[in-house]
Structures are given as structure tokens and as C-alpha cells.
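Numbering (the numbering used here), first residue to last: 1 to 236. Written below as C-alpha cells is the structure these notes are about.
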Amino acid sequence: MEKTVQLYEGKAKKVYATADPALVIVSYKDDATAFDGTKKGTIMGKGAVNNRMSNFLMKKLMDAGVPTHFVEELNDRETVVKKVEIVPLEVIVRNASAGHFSSRYGVEEGILFDEPVLEFSYKNDDLHDPLLNTSHALALKLATREEIDTIKAMALKVNEELKAFFAGCGVRLIDFKLEFGRLGDGTIVLADEISPDTCRFWDAKTNEKLDKDRFRRDLGNVEEAYQEMMRRVFGE
Ligand code: TMP
Ligand code: ASP
Numbered sequence: 001m002e003k004t005v006q007l008y009e010g011k012a013k014k015v016y017a018t019a020d021p022a023l024v025i026v027s028y029k030d031d032a033t034a035f036d037g038t039k040k041g042t043i044m045g046k047g048a049v050n051n052r053m054s055n056f057l058m059k060k061l062m063d064a065g066v067p068t069h070f071v072e073e074l075n076d077r078e079t080v081v082k083k084v085e086i087v088p089l090e091v092i093v094r095n096a097s098a099g100h101f102s103s104r105y106g107v108e109e110g111i112l113f114d115e116p117v118l119e120f121s122y123k124n125d126d127l128h129d130p131l132l133n134t135s136h137a138l139a140l141k142l143a144t145r146e147e148i149d150t151i152k153a154m155a156l157k158v159n160e161e162l163k164a165f166f167a168g169c170g171v172r173l174i175d176f177k178l179e180f181g182r183l184g185d186g187t188i189v190l191a192d193e194i195s196p197d198t199c200r201f202w203d204a205k206t207n208e209k210l211d212k213d214r215f216r217r218d219l220g221n222v223e224e225a226y227q228e229m230m231r232r233v234f235g236e
């Protein structure tokens, strides 16, 4: 499968058309941004880590019955995925307090919740991805009620699978962000990526951060954290 024209360039990935209108190729970059793109940098090797880890996790989720966009890994940075129309919702699942949950509600990080918190943001950089609820999403016609029900159920299922998997790697899955897409026939599938860019991973013993918060917060050892997560997941 070969790339043809570039369709889109995002902050962390490029998307190319292929000869098959139902398939596109995503190419993961080492570019990193935070705070709506106002903080910019490079995390060497990130593209390959995110591509390989995301594909591995998507395959695991497909085995567990979660439909995803994944088709075939081409090389370290490039993957064939099904072409989708992205639902403009950032679907966040939280198992413990951190990040915006902590700042918004004034609580320290690391408090374990009795049950997962499910949260939506409107995927819109100009508006700074504002938090919204199901009624807002319906009013804005971002998705149908049926689609939102499907997305919520899938997000919670993904959480159960990933939490268990990462526990086996000695990692606490604190929270993560998912994106969903519609196939040509309207089927909802998990899309985008699952990686240290989109998840908070804390070492189970020391609570050391092994994710993009090291870049967002200038904690140092950013590349090392991404490589450590590769070792945890692949045993490399
Ligand atoms: P938050 O606490 O900043 O809302 O982040 C929740 C989770 O979502 C965290 O694992 C990081 C991830 N995330 C993204 O993937 N993209 C984003 O733009 C933001 C703000 C967070
Ligand atoms: N990548 C996102 C941005 O630049 C934010 C983040 O992951 O923190 O908006």
C-alpha cells in the first residue's frame, strides 16, 4: 500500500490518501505540542513509539471485541487505517485525579476514583476544547444520542481492557483521551491513537510519570519515558 496525496497535517501526525478510497495512511511525527499548540518541541523517536504502541493496543482491543480503525502497520512510523469522519469529541476517561480534573476542581493529583470518570470535550482548538456534556453535544449535533451511547460504552470497555493490561506492565493508567470515527456506513470505530501523548502513565511503585506530562511540565527525561513505556509494553 502506497501513499498518494497528503490529505491533512495535524500537530502529531500526517494523513495520506491511498489508491483505496476507504483507506488512508497515517504517518507519526516526532513533533510535540501542548496547550493548544502554544508550546512546541520535538521528542526524538516519539513517532515510532506512538505508532507501534497504538497499533499494539488497538489490536489488543479488537481481540476484545472493540472495533477500531486499525488495518496494517507498514513500518515504524506509518500505518494503514480505515478512513473515518472524526466525531469532534475528545472522550476522556479518568481512573484517578490529575491534570485538568485536579486544576478545575481543586484537588491533588493521584486520588483513585471509586468508578471511572467519563468526560467529553468539544474538539475545537479555537475554542480551547471546552468541556461539554451529552446535552451540549446533542444540541451542537456533534453526534446522535445512539452514537454517544455507543461511544460511552466503548470508552468504558477500552478502560477496563487497558487498565488490566497496563497493570501487568507495572503501570497505573491514570487517565486517557480517545477519539472515535464514523466509517462510510456510519459504524462507530475507535480512531486516532493510544500512546504516551494521549494517556497518563504512572509507574505503579514510584508514581513516576512516564508520559507526555514530562514534556508539558518540563520534567526532563522525556525521550527516556517514552522508551521506558516501549520496554514495559513490548518487553524490549
Ligand atoms: P487533561 O487532564 O489535561 O484534561 O487530560 C486528560 C487526558 O487526556 C490525559 O491523559 C492527556 C490527554 N490529552 C490529550 O490526549 N490531548 C489533549 O489535548 C489534552 C489536553 C489531554
Ligand atoms: N497536543 C495538545 C495541543 O497542543 C495538547 C496536549 O496534549 O497537552 O493542543
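Even glycine gets a Cβ: it sits at the ideal position worked out from N, Cα and C. None of the values given here were measured: they were computed from a predicted structure.
Inset, instruction - Could you tell me whether the segment 180-192 touches the segment 115-124, where touching means 3 or more Cβ pairs closer than 8 Å? - result: no
Legend entry - Three-state class that DSSP yields for Glu193 in the structure shown: As a working mapping, residue 193 is identified with position 193 in the sequence shown. In the structure shown, Glu193 sits in coil (DSSP, three-state: anything other than H, G, I, E or B).
Legend entry - Proximity below 8 Å, CB of Glu78 to CB of Val26: Taking the sequence shown and counting its residues from 1, one reaches residue 78 at position 78. Taking the sequence shown and counting its residues from 1, one reaches residue 26 at position 26. Yes; because the gap between Cβ atoms is below 8 Å, this pair is in contact.
Legend entry - Residue range of the unbroken alpha helix (DSSP H) whose run includes Gly47: The count along the sequence shown starts at 1 and reaches residue 47 at position 47. Lys46 to Asp63 is the span of the alpha helix (DSSP H), which, as asked, contains Gly47.
Legend entry - Ile174 vs Arg216 beta-carbon contact at 8 Å: To locate residue 174, count along the sequence shown from 1; it is residue 174. To locate residue 216, count along the sequence shown from 1; it is residue 216. Contact: no.
Inset, instruction - Tell me whether Thr252 is buried or exposed, calling it buried when 16 or more other Cβ atoms sit within 10 Å of its Cβ. - result: Shown here, the chain extends from 1 to 236; a query on residue 252 therefore has no answer.
Inset, instruction - Using alpha carbons as the reference points, say which of Lys152, Arg214 and Asp197 lies closest to Leu190. - result: Working through the sequence shown from its first residue, we reach residue 190 at position 190. Per the Cα distances, Lys152.
Inset, instruction - Can you give me the Cβ contacts of Leu7 inside the same chain, cut-off strictly under 6 Å, excluding the 5 residues immediately before and after it? - result: If you number the sequence shown from 1, residue 7 lands on position 7. Closer than 6 Å at the Cβ level, and outside the excluded window around Leu7, lie Val15 and Ala17.
Legend entry - ligand 1 heavy atom lying under 7 Å from the CB of Lys40: Start at 1 with the first residue of the sequence shown, and residue 40 comes out as number 40. It does not: the Cβ of Lys40 is nowhere closer than 7 Å to a heavy atom of ligand 1.
Legend entry - heavy atom of ligand 1 below 7 Å from Ile43 C-beta: By one-based count along the sequence shown, residue 43 stands at place 43. False, no ligand heavy atom lies under 7 Å from that Cβ.
Inset, instruction - Look at the Cβ atom of Val91, then the Cβ atom of Ala164, and state whether they are nearer than 8 Å. - result: Here residue 91 corresponds to residue number 91 of the sequence shown, with the count starting at 1. Here residue 164 corresponds to residue number 164 of the sequence shown, with the count starting at 1. Contact: no.
Inset, instruction - Run the proximity test for Arg200: is its beta-carbon closer than 7 Å to any non-hydrogen atom belonging to ligand 1? - result: Numbered from its first residue, the sequence shown carries residue 200 at position 200. Yes, the beta carbon of Arg200 sits closer than 7 Å to at least one heavy atom of ligand 1.
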